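Here's the structure we're looking at; comments come further down.
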Amino acid sequence: MPNQRARHVAAFLATLGLFAALARAQDAPPAAPTPSPRPSARPAPPPDVYHLRNGDRITGRTIARNKRSFAVQTPFGRLTLPRARVAKVVRADGSEEVLHPADAAGEARPAAAMPVPAPRPTAGTGRLAVAITGKTFWQAWDPRESGRDPTLRLELRLDEDAVVVYVDALPDPDQIPGALVNAFSFAEGLAVSPAPGVRVHPAEVRPGRILLKLDVRARARDARRLRIAYQLNAGTAGEPAWKDVVSSATEVTIDPDRPALVEVRQERGRMEFAGFPRRRMRHVETFLLSLTAASEPAAAP
């Protein structure tokens, strides 16, 4: 009998030990999960190098392209580069896409020489300086209009005789989605056609101000009527028909001894590209050209 009682006590104590072990296991904190290895970051694709026709370079990743422009992601943001201004593209793999061979002949262009001061007008000629400030003149067309020529012209006349015509034939893609746009620009790609006997100096482009200078035949204290007009082609590129869209005029005195300065202020007015179902330019006539001639001949600009 004592042995049987001892066996019962031992069994009871073993049961208590099992319960205690289970309780300790439930109270123990769960084991921390083993972190899975993080995938290594994929290196960014190497950039492309865009060589512009003016000698500049832009480095970035090409994210889109079409027949008119490239979209490039650069460290400073996204840029849209018109094809007309790109000489060549050097890809990350070393291959090249040449768009304008004449401008892509060398890896780098020599720096532009410092402009040489223009000589003073000779006897019998006078200097006319035209300073343009304000808003840019622009036009837009529906691309469904077949044969449309987006070229814009700026014509300067003295006594209704054209003395010089500035021609911007480069459209500006991506300015208005779904439209053919040309904003008149003096920055680059501008063609200049002076009349016989007229000397035209390169346009001086500064932020917010364009300065045009030309030498014309003049007599002492020669009073002339200066007329400035923006024109568009109502015909085709093969058979142009230029017409004034916006124009303004003022009296100016051109003297062989001192240049004449005319200030031109441009205001957009209510001009817009809108309409339904077909969009077109509206209120173009509200674009304002305000000409103001200096009351006295100006110092050499």
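Here my numbering is used: the first residue of the sequence shown is 11, the next is one more, and so on.
Even glycine gets a Cβ: it sits at the ideal position worked out from N, Cα and C.
Bear in mind that the values here come from a model prediction, so they are computed numbers and not experimental data.
In the DSSP annotation of this structure, the continuous segment of the beta strand (DSSP E) that includes P92 starts and ends at 87-92. Taken through DSSP and simplified to helix, strand or coil, V294 comes out as helix.
By the neighbour-count definition (other C-beta atoms within 10 Å, threshold 16), E106 is an exposed residue. In this structure the stretch 223-230 does not lie against the stretch 188-199, because fewer than three pairs of beta carbons, one per stretch, are closer than 8 Å. Counting only residues of its own chain and dropping the five nearest sequence neighbours on each side, T296 has a CB closer than 7 Å to the CB of G279, R280, M281. A112 carries a helical assignment under DSSP once its states are collapsed to helix, strand and coil. R292 and A284 have their alpha carbons spaced roughly 7 Å apart. A141 and V272 have their C-alpha atoms spaced approximately 6 Å apart.
With a minimum length of 3 residues, the unbroken runs of beta strand (DSSP E) contained wholly in the stretch 224-256 fall at 232-243.
For H61, the beta-bridge partners assigned by DSSP are R67, K98. Nearest in C-alpha terms to R93, of all of D103, A230, T84, R75, is R75.
The alpha-carbon of V256 is positioned some 7 Å away from that of Q241. E273 carries a strand assignment under DSSP once its states are collapsed to helix, strand and coil. Per DSSP, S79 is one residue of the beta strand (DSSP E) stretching across 79-84. Per DSSP, the unbroken beta strand (DSSP E) holding V173 starts and ends at 171-178.
For V175, the closest alpha carbon among the candidates D159, W151, D182, L200 is that of L200. A direct Cα-to-Cα measurement between T246 and A97 gives close to 28 Å. In the structure shown, F286 adopts coil according to DSSP, grouped into three states. In this structure R237 touches A259 by the C-beta definition: roughly 4 Å separates them, less than 8 Å. Straight through space, the alpha carbons of G104 and Q276 are spaced by roughly 46 Å. Taking C-alpha positions only, P217 is separated from Q83 by approximately 25 Å. Rounded to whole angstroms, the gap between the alpha carbons of L301 and E261 is 9 Å.
By the neighbour-count criterion, in which a residue is buried when 16 or more other Cβ atoms sit within 10 angstroms of its Cβ, I264 is buried. In the DSSP assignment, Q149 forms a beta bridge with N192.
Per DSSP, the continuous beta strand (DSSP E) segment holding R137 begins and ends at 135-144. Distances from the alpha-carbon of K77 to those of P183, R209, R288 put P183 closest. CA-to-CA, the gap between D152 and G87 works out to about 29 Å.
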